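Read top to bottom, the protein sequences are chains A and F.
Counting from 19, one number per residue, gives the positions in the first sequence under my numbering.
Counting from 19, one number per residue, gives the positions in the second sequence under my numbering.
Think of the CB as a built atom: it goes at the ideal place given N, C-alpha and C, for glycine as much as any other residue.
The structure presented is a predicted model; accordingly, all values stated were derived computationally and were not measured.
Read the structure below first, then the notes.
Number of protein chains: 2
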Amino acid sequence: MSSTALESLRKLLPPGRLSEDAASRAAFESDGLTAFRCRPLGVVIPQNEAEVVQTVRWCHEHSIPFVARGSGTSLSGGSMPVADGIVISLNRLRQIIKVDPDNRIAVVQPGVINLQVSAAAAPYGLYYAPDPSSQKICTIGGNIAFNSGGAHCLKYGMTSNHVIGIRAVTASGEIVSFGGPSLESVGPDFTGLFCGSEGLFGVALDITLRLLPKPECFHTVLVGYRSLRAAGDAVSAVIDSGLLPGAMEIMEALAIEAAEAATSCGYPKGAAAVLIVELEGPREKIDAERKQLESVIASTEAFETVVAADARQRDGIWAGRKSAFSAVGKLSPDFLVQDGVVPRKRLGEALEAIEAFSKDSGLRVANVFHAGDGNLHPLILFDDSVDGELERAEALAGKILNLCVQMGGSITGEHGVGMEKRDFLPKMYDSATMELMHRLRAAFDPKTIANPGKMFPGAEAPALSGHGLHPLEKAGVISRE
Amino acid sequence: MSSTALESLRKLLPPGRLSEDAASRAAFESDGLTAFRCRPLGVVIPQNEAEVVQTVRWCHEHSIPFVARGSGTSLSGGSMPVADGIVISLNRLRQIIKVDPDNRIAVVQPGVINLQVSAAAAPYGLYYAPDPSSQKICTIGGNIAFNSGGAHCLKYGMTSNHVIGIRAVTASGEIVSFGGPSLESVGPDFTGLFCGSEGLFGVALDITLRLLPKPECFHTVLVGYRSLRAAGDAVSAVIDSGLLPGAMEIMEALAIEAAEAATSCGYPKGAAAVLIVELEGPREKIDAERKQLESVIASTEAFETVVAADARQRDGIWAGRKSAFSAVGKLSPDFLVQDGVVPRKRLGEALEAIEAFSKDSGLRVANVFHAGDGNLHPLILFDDSVDGELERAEALAGKILNLCVQMGGSITGEHGVGMEKRDFLPKMYDSATMELMHRLRAAFDPKTIANPGKMFPGAEAPALSGHGLHPLEKAGVISRE
């Protein structure tokens, strides 16, 4: 049944762009936070930029909320639809407009897959550095919305460090441009403001990305430890030695077990934790650094060290790590991935607290994390068919986030606030700062129609669902007060 | 004579904080863009944060414009007073609140001198990377306002890459906090938005800075070339080789001559241009890279190469470069430093065009620049006592800025838009984007009282001067249309 609210939009767009049937709407009702769903009024799949702009302007004119999304891999519910609004799916805007090797930049549309940028740059010896685990399917537009990181953000920084220009349509329908091919910008960092805005400011139309020369060689080491704390101490030892690895990752027993089952990655048997350290750069530099790393590792409580002998073995090591989230999913009917940050030096303390929370709640937690920058990803295993387990999982997630804030860290490292963590935002920012954030948002979106109900707590919840309590409200995750 | 407009401010603050006598006001009437002056109504020198907040709130309540400034080293007129407003001098807020070597951060007040941060971090083997030439006197607050760079921003990025938290009082008087000790922020990069806002958003009260481990060793090479183009080609050759030096600077003959006279820096005699390349990092890495650099330099048209044998010789090389601006000043009664960016590969072309502009105008130009990132600093020599020379110098500066925009670069690399370049901003941004910028500014400063007349062109000029045409208007640099 077609919605009358969308009648003029249906007429505005070429036939086939707007889907209103239940099956199409159902396909978009969830994102990577699969426990929660919400069916939109309709789904627009624009074929070009002009149709995106038309749709956004129509939404502004008719005060209809919209959620723009790419592949919907958000783990914080950031690309969940709103019940009274539409989804704008950007997957057809997947053109790599330009690769300019001289200036080491690429210009892409928002629906381009992360890994495709590196593929397009590869013939020039260049690549795009940010590497979320989902990089085979996630889009650059989504990476920008959530300022995504990845294993290598230890050395290279987040998405915002690699986006130098954005042309976007604001939620109020104007087309604006910030930054550009020059690495040095004028005035405030408006491009950085747009990165991480979680879809609340508008829709990126084209994006200028910085490309880096591909490292000449990699040196990837996998180290097994008998305790999580020993692995954590090793991370501090590496950093204190002055080395800056491209990546430093830790996985603990439960995650190792899952990854092993999924990818036969050959991680050290009987390890309570494995540490992956990857050096990268020119061959001569790596030759020097690998010796230094060797002696640092030797000074830790490592019981087994594997050095990747070739690209294939390196890929195997990373396959284990990158599969961890989905692999853990096989150990349990349902799971939540949490994403918090603690000061690196307090990692051991944080992990012990999480273990205690896990015991209290009776739910298993598998820790996988970007150890070098203190970014934790506890995977909380639960069974949604057991009454109350979802609520307990969410409560456990909440305890972990509170812990991160108390330790001087952050409620998100790279997954964003989205829908799941919006009630935690005021724990990080006082009311004057939150008020200012609302005013800044209003500069882009005076009608609060762009991804309403995300990031900020409170009164927007009615847009979230027109049909009684939202599952997240039932779970006690969000509130409308 | 005391101003009645400031009467209630005088009563609000402890005695001695507000100066209204002509001599005190005259001391603040100019900044590093010395050709232009404007006398404020009064000058407040707060002794602590609370007095800053009180003063800003008073300004907001009474709609009196203010300009907060540190050491006043702005080269774009960004810290020039406004005639109907007050200056808030932050030099007494010079406390280094905390150095935390474990987390590699420092928390400082806005009046702390750039180099003092590194001095405080030195006992821990750490330093603060951004190094404007004025780092011995410029303040962190000023560095944030203009998102300052320096010779080493080629490798390390600008100020905004090193500021991870800001607590500030907005122009509307609220105290807000963004970012913090965690390197991974939540949501949009509000800290980055504040960096480079040129004093239009409010006043930073304390700032959390990222510290880096001091490089174990430096390898500094000074290379002489017979032509500017040969030096420019050498820069491309270094970058293309995959090396990422900490800094790559070029100075041309006129600047060399001036630096030599000022510091006896011993630059190669008869050079049309010198290139300074500095590698930095762990000893083993530098040992590898110096060989690579040597062979790259050997492939260029270098006629003399000096390698700094020790720290003293390194300091001598840098003293020449860092003194260049003031040294050039001795060649001429007056000079303007311009600051523009072109794509690195088009440096040679840009320099030839500047040479032609210089010939046309009959004014000498000394080029000094951060070659690695295409950031030009042409120093335009003129004599203000000769009728029309200032106007010709400004016209020449304008031609250079237009050239930068046409080449896909930027009107500022690190000095900011300030007062001097505000009419050029619309050449970089279209009207929809400018409108959005105004709305974002209004979120911080609804009454347009914080550093009005800077960055944005147009209607604020009345606040700029209550007494007829401002010198910049007479020179045709700015307009009020």
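To the nearest whole angstrom, what separates the beta carbons of His291 (chain F) and Ile268 (chain F), a pair I think is in contact under 8 Å?
-> The sequence position of residue 291 (chain F) within the second sequence is 273, counting from 1. The sequence position of residue 268 (chain F) within the second sequence is 250, counting from 1. Correcting the residue type first, residue 291 (chain F) is Ala in the shown sequence and not His. The pair is a contact, with the Cβ atoms about 6 Å apart (cut-off 8 Å).
My guess is that Phe375 (chain F) and Ser190 (chain F) are in contact by the Cβ rule of under 8 Å, so how many angstroms apart are they, rounded?
-> Against the second sequence, residue 375 (chain F) aligns to sequence position 357. Against the second sequence, residue 190 (chain F) aligns to sequence position 172. Actually they do not touch by this definition, with Cβ atoms about 43 Å apart.
Based on the DSSP output, what are the partners of Leu399 (chain F) in its beta bridges?
-> Within the second sequence, numbered from 1, the residue matching residue 399 (chain F) stands at position 381. According to DSSP, which records beta bridges pairwise, Leu399 (chain F) is partnered with F:Phe353.
Return the Cβ separation of Thr281 (chain A) and Ala337 (chain A) in integer angstroms, given the expectation that the two are a contact with Cβ distance under 8 Å.
-> For the purposes of this step, residue 281 (chain A) is taken as the residue at position 263 of the first sequence. For the purposes of this step, residue 337 (chain A) is taken as the residue at position 319 of the first sequence. That pair is a contact at about 5 Å.
How many angstroms separate the CA atom of Ala186 (chain F) from the CA atom of Phe219 (chain F)?
-> Taking the first residue of the second sequence as 1, we reach residue 186 (chain F) at position 168. Taking the first residue of the second sequence as 1, we reach residue 219 (chain F) at position 201. About 9 Å.
Just confirm the distance between the C-beta atoms of Ser89 (chain A) and Cys171 (chain A), as a whole number of angstroms; I'd bet it's less than 8 Å.
-> For the purposes of this step, residue 89 (chain A) is taken as residue 71 along the first sequence, with counting starting at 1. For the purposes of this step, residue 171 (chain A) is taken as residue 153 along the first sequence, with counting starting at 1. Not a contact, Cβ separation roughly 20 Å.
Would you kindly work out how many angstroms separate the C-alpha atoms of Ser166 (chain F) and Lys377 (chain A), rounded to a whole number?
-> Within the second sequence, residue 166 (chain F) is the residue found at index 148, counting from 1. Within the first sequence, residue 377 (chain A) is the residue found at index 359, counting from 1. Each residue's Cα considered, the two are about 50 Å apart.
Return helix, strand or coil for Asp118 (chain F), following the three-state DSSP convention.
-> Sequence index remark: in the second sequence, residue 118 (chain F) carries index 100 (1-based). Three-state DSSP puts Asp118 (chain F) in a strand.
Take Gly210 (chain F) as the anchor and find which of F:Ala169, F:Ser195 and F:Val181 has the nearest alpha-carbon.
-> By one-based count along the second sequence, residue 210 (chain F) stands at place 192. The option with the nearest alpha carbon to Gly210 (chain F) is F:Val181.
Distance, Cα to Cα, Glu319 (chain A) vs Ala249 (chain A)?
-> Looking up residue 319 (chain A) in the first sequence gives position 301. Looking up residue 249 (chain A) in the first sequence gives position 231. So the alpha carbons of these two residues sit roughly 8 Å apart.
At a Cβ threshold of 8 Å, is Tyr146 (chain A) touching chain F?
-> For the purposes of this step, residue 146 (chain A) is identified with residue 128 of the first sequence, where counting begins at 1. Not closer than 8 Å to any Cβ of chain F, the Cβ of Tyr146 (chain A) fails to qualify, so no.
Residue burial classification, His395 (chain F) (beta-carbon count within 10 angstroms, cutoff 16) | Here residue 395 (chain F) refers to the residue found at position 377 when the second sequence is read from its first residue. Answer is buried; the Cβ neighbour count reaches 16.
Nearest to Val325 (chain F) by CA position, among F:Arg301, F:Leu240 and F:His80, is which residue?
-> Position 307 of the second sequence, counted from the first residue, corresponds to residue 325 (chain F). Of F:Arg301, F:Leu240 and F:His80, the residue nearest in Cα terms is F:Leu240.
Looking at chain A, which residues of the region 166 to 177 of chain F have a Cβ within less than 9 Å of any of its Cβ atoms?
-> Gly167, Cys171, Gly175 and Met176
Alpha carbon to alpha carbon, how far is Val346 (chain F) from Val386 (chain F)? Give it in angstroms, no decimals.
-> For the purposes of this step, residue 386 (chain F) is identified with residue 368 of the second sequence, where counting begins at 1. For the purposes of this step, residue 346 (chain F) is identified with residue 328 of the second sequence, where counting begins at 1. Approximately 10 Å, taken between the alpha carbons.
In terms of residues, what are the limits of the alpha helix (DSSP H) holding His180 (chain F)?
-> In the second sequence, counting from the first residue as 1, residue 180 (chain F) sits at position 162. Element bounds for His180 (chain F): n/a, residue is neither H nor E.
According to DSSP, what are the bridge partners of Cys235 (chain F)?
-> Position 217 of the second sequence, counting from 1, holds the residue named residue 235 (chain F). F:Gly299, per the DSSP bridge assignment.
Using the C-alpha atoms, what's the distance from Pro150 (chain A) back to Ala389 (chain F)?
-> In the second sequence, residue 389 (chain F) corresponds to position 371, counting from 1. In the first sequence, residue 150 (chain A) corresponds to position 132, counting from 1. Roughly 33 Å separates the two Cα atoms.
Helix, strand or coil for Thr209 (chain F) per DSSP?
-> Numbered from 1 along the second sequence, position 191 holds the residue referred to as residue 209 (chain F). Helix at Thr209 (chain F).
Quick one: is Gly214 (chain A) near chain F, going by C-beta distance under 8 Å?
-> Translated into the one-based positions of the first sequence, residue 214 (chain A) becomes position 196. Interface residue, yes.
At a Cβ cut of 7 Å, what residues of the region 107 to 134 of chain F count as close to chain A, listed as they run along the chain?
-> Asp120 and Asn121
Looking at the unbroken alpha helix (DSSP H) that takes in Gly60 (chain A), where does it start and where does it end?
-> In the first sequence, residue 60 (chain A) corresponds to position 42, counting from 1. Gly60 (chain A) -> not in any alpha helix (DSSP H); beta strand (DSSP E) instead, spanning Gly60 to Val62.
So Ser94 (chain F) packs on Met437 (chain F), CB below 8 Å; how close in whole Å?
-> What you label residue 94 (chain F) is simply residue 76 of the second sequence in a count that begins at 1. What you label residue 437 (chain F) is simply residue 419 of the second sequence in a count that begins at 1. Right, the Cβ-Cβ distance comes to about 7 Å (below 8 Å), so this counts as a contact.
Classify His388 (chain A) as helix, strand or coil using the three-state DSSP reduction.
-> Position 370 of the first sequence, counted from the first residue, corresponds to residue 388 (chain A). Of the three classes helix, strand and coil, the one that applies to His388 (chain A) here is strand, per DSSP.
Quick one: which chain A residues come within Cβ less than 9 Å of Ala450 (chain F)?
-> Counting from 1 along the second sequence, the entry for residue 450 (chain F) is found at position 432. Chain A residues near Ala450 (chain F): Thr188, Glu192, Ile193, Val194 and Ser195.
Which residues in the same chain have their Cβ closer than 6 Å to the Cβ of Ser178 (chain A), if we skip the five residues on either side of it in sequence?
-> Sequence index remark: in the first sequence, residue 178 (chain A) carries index 160 (1-based). If we look at Ser178 (chain A) and ignore the five residues flanking it on each side, its Cβ neighbours are Asn165, Gly210 and Cys213.
State the start and end residues of the unbroken beta strand (DSSP E) segment that holds Arg87 (chain A).
-> For this step, residue 87 (chain A) is matched to residue 69 along the first sequence. First-last of the beta strand (DSSP E) with Arg87 (chain A): Phe84 to Arg87.
Identify whether Leu93 (chain A) lies in helix, strand or coil by the three-state DSSP scheme.
-> For this step, residue 93 (chain A) is matched to residue 75 along the first sequence. Three-state result, Leu93 (chain A): coil.
Limits of the unbroken alpha helix (DSSP H) element including Glu432 (chain F) = Here residue 432 (chain F) is taken as the residue at index 414 of the second sequence, counted from 1. Premise fails: Glu432 (chain F) is in no alpha helix (DSSP H) and is neither H nor E.
Using a Cβ-Cβ distance under 8 Å, would Leu454 (chain F) count as near chain A?
-> Within the second sequence, the letter at position 436 stands for residue 454 (chain F). Yes, contact with chain A.
Smallest Cα separation from Ala276 (chain A): which of A:Lys439, A:Leu458, A:Arg382 and A:Pro32?
-> The residue labelled residue 276 (chain A) in the question sits at position 258 within the first sequence. Comparing Cα positions, the closest option is A:Arg382.
What does a CB cutoff of less than 8 Å around Glu499 (chain A) pick up in its chain, not counting 5 residues either side in sequence?
-> Along the first sequence, one-based indexing puts residue 499 (chain A) at 481. Any reading at Glu499 (chain A) needs caution, since the residue's pLDDT is 46, under 50, leaving its predicted position unreliable; the model's value is listed next. So the qualifying residues of the chain are Gly476.
Please say whether Ile158 (chain A) and Asn121 (chain A) have beta carbons closer to each other than 8 Å?
-> For this step, residue 121 (chain A) is matched to residue 103 along the first sequence. For this step, residue 158 (chain A) is matched to residue 140 along the first sequence. Cβ atoms of Asn121 (chain A) and Ile158 (chain A): not closer than 8 Å.
In DSSP terms, what Leu293 (chain A) is bridged to | Mapped onto the first sequence, residue 293 (chain A) falls at position 275. Note: Leu293 (chain A) sits in a beta bridge opposite A:Val241 and A:Ile268.
With DSSP as the reference, please indicate the residues paired to Ala230 (chain A) in a beta bridge.
-> What you label residue 230 (chain A) is simply residue 212 of the first sequence in a count that begins at 1. In the sequence as presented, Ala is not what sits at residue 230 (chain A); that position holds Leu. According to DSSP, which records beta bridges pairwise, Leu230 (chain A) is partnered with A:Tyr145.
Can you find a C-beta in chain A that's less than 8 Å from the C-beta of Pro361 (chain F)?
-> The residue labelled residue 361 (chain F) in the question sits at position 343 within the second sequence. True, the Cβ-Cβ gap to chain A drops below 8 Å.
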